[in-house]
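In my numbering, the protein residues as written are 666 to 983.
We put the CB at the ideal spot given by N, CA and C, even for glycine.
Remember, it's a predicted structure, so these values are computed and weren't measured experimentally.
Everything below concerns the one structure shown next.
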Amino acid sequence: MTARYPVLYFWLRLSSLLLSTLMLVLPGLAQHLSLFLALMLIAGLGIPHGATDHRIFSVLLYRKGGKPMMTRFYSGYLGLMLIYALLWWLSPVFSLLIFLLTSMYHFGQSNWNYVNLGSWPRALLYVLYGAFVLFVPILAHFETAQPIVASIIQRPLPQASPLLLNGGIGLVVILNFGMIGLLWVGGKLTLQQVWAEVLNLCILLVLFVSTPLLVGFALYFSGWHALSSIQDQIVFFQSQKPGYRLKDYVREAIPYTGLAIFGLMMMIWYSNSIQLDAVWGILFIFLSLVTLPHLLLIEMLYRIGQPAEVEWGATVPE
């Protein structure tokens, strides 16, 4: 992934290291800024990266069925969200497991979609990478994550020993480094790609461990994941419409971003909760609702649209 957007990943690496350093040098500042920074990143970049799903669908399938296809898209997209919301109400624990699995797959998908593998090895690679970016920050800051997860599943979490937490971190780190090695041995990665992926994992590990839970996750979700996904989408749109630019993406994303944020605010208002952990729990439930249909559509984009075959060397025009 790094080779596609070298400038983007240079700044992502640099900002992650600078933020990690800042949080270590000024821990008091970290606590004061963490809430604001996390919210701004998620609202400003994280949510908008899925706000052009309608555009992706129209490019992929509109020509096959015209307006009726778009009607199916909106009804299917919203219907899937409503079904998942009902499932959250009926079984929060099961719904959380679905969220974790779909998120792991989706995060891995955005990083590893350029590697040519069969269905099962590809899914395993995606899930392992997603386990790294989800569980390392959670296990490294388990005391912070505990009340948030408890508010989501509506039951307390058991205590975990430092040995168990550190062992979990070590396991997912070793598995991901091992997978990179296997891909190289199997001829799926060049040596340059191996070093790039190893460097990214090391920087993310430092970020997740040294920054507060929500800050580290927000920077990964909004920067490493969302920005690269946005560029994937823009390049795909450009392959269909050469004059498509970043400003076109922003213009199309703004209305649906606003609707999504409004929906999130309504969920928080309806919950009538003033506890911060509960608010964060609602945010993650909201993200789960929009992630499921978004994941399915992005999977369609990578399989039908084949963006990895587009020339990635050019920069995205302003």
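Original post:
Is Ala810 helix, strand or coil when you go by DSSP?
Top reply: Numbered from its first residue, the sequence shown carries residue 810 at position 145. DSSP places Ala810 in the helix class (H, G or I) of the three-state scheme.
Original post:
Who are the near neighbours of Ala750 in its chain, counting only those whose CB is closer than 7 Å to its CB and skipping five residues on each side?
Top reply: In the sequence shown, counting from the first residue as 1, residue 750 sits at position 85. Leu954.
Subject >> Where Ser826 falls, given that 16 or more other Cβ within 10 Å makes a residue buried >> reply: Within the sequence shown, residue 826 is the residue found at index 161, counting from 1. Its Cβ having fewer than 16 others within 10 Å, Ser826 is exposed.
Original post:
Whose C-alpha, out of Trp777, Ser760, Leu694, Phe800, is nearest the C-alpha of Leu844?
Top reply: Taking the first residue of the sequence shown as position 1, residue 844 is located at position 179. Position check: residue 844 holds Met in this sequence, whereas Leu was assumed. Measuring C-alpha to C-alpha distances from Met844 to each of Trp777, Ser760, Leu694, Phe800 identifies Trp777 as the nearest.
Subject >> Under 7 Å between C-beta atoms of Ile813 and Trp945 >> reply: In the sequence shown, counting from the first residue as 1, residue 813 sits at position 148. In the sequence shown, counting from the first residue as 1, residue 945 sits at position 280. Taking 7 Å as the cut-off, the beta carbon of Ile813 is found closer than this to the beta carbon of Trp945.
Original post:
How is Trp957 classed by DSSP in three states: helix, strand or coil?
Top reply: On the sequence shown, position 292 is the one that residue 957 refers to. The question names Trp, but residue 957 in the sequence shown is Leu. It is helical.
Original post:
Does DSSP put Thr855 in a helix, in a strand, or in coil?
Top reply: Position 190 of the sequence shown, counted from the start, is the residue given in the question as residue 855. Reduced to three states, the DSSP call for Thr855 is coil.
Subject >> Buried or exposed by the 16-neighbour rule on C-beta atoms within 10 Å, applied to His697 >> reply: As a position in the sequence shown, residue 697 is number 32, starting the count at 1. That one is exposed.
**OP:** Please confirm if Tyr909 has its CB atom under 7 Å from at least one CB of chain C.
**Re:** Protein chains in the displayed structure number just one, and chain C is not present.
Subject >> Trp977 to Pro786 span [Cα, whole Å] >> reply: The sequence position of residue 977 within the sequence shown is 312, counting from 1. The sequence position of residue 786 within the sequence shown is 121, counting from 1. Low per-residue confidence applies at Trp977: pLDDT is 33, beneath 50, and the placement is therefore not dependable enough to give any value.
**OP:** For Val975, collect the residues of the same chain with a Cβ closer than 6 Å to its Cβ; drop the 5 residues on either side in sequence, then sort them by chain order.
**Re:** Along the sequence shown, read from residue 1 onward, the residue named residue 975 stands at position 310. Since pLDDT at Val975 reaches only 36, below the 50 mark, its modelled position is unreliable, and the value read off the structure follows with that caveat. The answer, listed in chain order, is Val900, Ser904.
Original post:
Of the choices Phe772, Pro907, Gln819, Lys912, whose alpha-carbon is the least far from that of Asp942?
Top reply: Numbered from 1 along the sequence shown, position 277 holds the residue referred to as residue 942. Closest in C-alpha terms to Asp942, from the list Phe772, Pro907, Gln819, Lys912, comes Gln819.
Original post:
Do Leu966 and Ile707 have their CB atoms nearer than 7 Å?
Top reply: The count along the sequence shown starts at 1 and reaches residue 966 at position 301. The count along the sequence shown starts at 1 and reaches residue 707 at position 42. Result no, Cβ atoms of Leu966 and Ile707 do not sit closer than 7 Å.
Original post:
Can you tell me whether Ser681 is buried or exposed, with buried defined as 16 or more other CB within 10 angstroms of its CB?
Top reply: Position 16 of the sequence shown holds residue 681. Ser681 should be labelled buried.
**OP:** Would you identify the three-state DSSP class for Arg669, choosing helix, strand or coil?
**Re:** If you number the sequence shown from 1, residue 669 lands on position 4. Arg669: coil per DSSP, three-state reduction.
**OP:** Could you give the DSSP three-state label for Lys906: helix, strand or coil?
**Re:** Counted from its first residue, the sequence shown places residue 906 at position 241. Lys906 carries a coil assignment under DSSP once its states are collapsed to helix, strand and coil.
Original post:
Between Leu829, Leu840, Pro757, Leu828, which lies nearest to Val792 when the distance is taken from Cα to Cα?
Top reply: Working through the sequence shown from its first residue, we reach residue 792 at position 127. The option with the nearest alpha carbon to Val792 is Leu840.
**OP:** Look at the alpha carbon of Ala979 and the alpha carbon of Arg669, and state the distance between them as a whole number of angstroms.
**Re:** Reading the sequence shown from its first residue, position 314 is the one you call residue 979. Reading the sequence shown from its first residue, position 4 is the one you call residue 669. In this prediction, Ala979 scores a pLDDT of 37, lower than 50, which makes its location untrustworthy; the coordinate-derived value is nonetheless stated afterwards. Each residue's CA atom was taken as its position, placing Ala979 and Arg669 some 9 Å apart.
Original post:
Would the beta-carbon of Lys853 fall within 7 Å of that of Val780?
Top reply: Counted from its first residue, the sequence shown places residue 853 at position 188. Counted from its first residue, the sequence shown places residue 780 at position 115. In this structure, Lys853 lies near Val780, with their beta-carbon atoms less than 7 Å apart.
Subject >> Cβ contact (3+ pairs, closer than 8 Å) linking the segment 709-720 and the segment 904-920 >> reply: Contact check between the segment 709-720 and the segment 904-920: three or more CB pairs, one atom from each, fall below 8 Å, which counts as touching.
Subject >> Residues near Phe842 in its chain [Cβ-Cβ closer than 8 Å; skip 5 each side] >> reply: If you number the sequence shown from 1, residue 842 lands on position 177. Closer than 8 Å at the Cβ level, and outside the excluded window around Phe842, lie Val863, Leu866.
Subject >> Integer Cβ distance of Ala815 from Leu822, believed to fall under 8 Å >> reply: As a working note, residue 815 is residue 150 in the sequence shown. As a working note, residue 822 is residue 157 in the sequence shown. About 5 Å separates the two Cβ atoms, so the contact holds.
Original post:
To the nearest whole angstrom, what separates the beta carbons of Ser936 and Ile926, a pair I think is in contact under 8 Å?
Top reply: Taking the sequence shown and counting its residues from 1, the one referred to as residue 936 is at position 271. Taking the sequence shown and counting its residues from 1, the one referred to as residue 926 is at position 261. Not confirmed; about 16 Å, so no contact.
**OP:** On a CA-only basis, which of Thr876, Ile895, Gly833, Pro713 is nearest Ala796? Give me that one, please.
**Re:** Stepping through the sequence shown from its first residue, residue 796 is reached at position 131. If you compare the alpha carbons of Thr876, Ile895, Gly833, Pro713 with that of Ala796, the shortest gap goes to Gly833.
Subject >> Chain-order list of residues whose beta-carbon lies under 7 Å from that of Arg868 (same chain, five-residue window excluded) >> reply: Your numbering for residue 868 matches position 203 in the sequence shown. Before going further, note that residue 868 is Ile rather than Arg in the sequence given. Taken in chain order, the residues that qualify are Arg678, Ser681, Leu682.
Original post:
How would you call Gly846, buried or exposed, if buried means at least 16 neighbouring beta carbons within 10 angstroms?
Top reply: Translated into positions along the sequence shown, residue 846 becomes position 181. When all chains shown are included, Gly846 counts as exposed.
Subject >> Phe886, enclosing alpha helix (DSSP H) - first and last residue >> reply: The count along the sequence shown starts at 1 and reaches residue 886 at position 221. No alpha helix (DSSP H) holds Phe886; DSSP gives it neither H nor E.
Original post:
Which residue's Cα is closest to the Cα of His890: Gly715, Thr736, Phe807, Val724?
Top reply: Here residue 890 corresponds to residue number 225 of the sequence shown, with the count starting at 1. For His890, the nearest C-alpha among the options comes from Gly715.
Original post:
Any idea what DSSP makes of Ala825, helix, strand or coil?
Top reply: By 1-based counting over the sequence shown, the position of residue 825 is 160. Ala825 falls in the coil class under three-state DSSP.
Original post:
Under 7 Å, do Leu710 and Ser887 count as touching if we go by C-beta distance?
Top reply: Locating residue 710 in the sequence shown gives position 45, where the first residue counts as 1. Locating residue 887 in the sequence shown gives position 222, where the first residue counts as 1. Contact check for Leu710 against Ser887 passes: the beta carbons are separated by less than 7 Å.
Original post:
Excluding the five sequence neighbours on either side, which residues of its own chain have a C-beta within less than 8 Å of the C-beta of Glu983, listed in chain order?
Top reply: Within the sequence shown, numbered from 1, the residue matching residue 983 stands at position 318. Unreliable placement is indicated for Glu983, whose pLDDT of 42 sits below 50; no coordinate value is reported for it.
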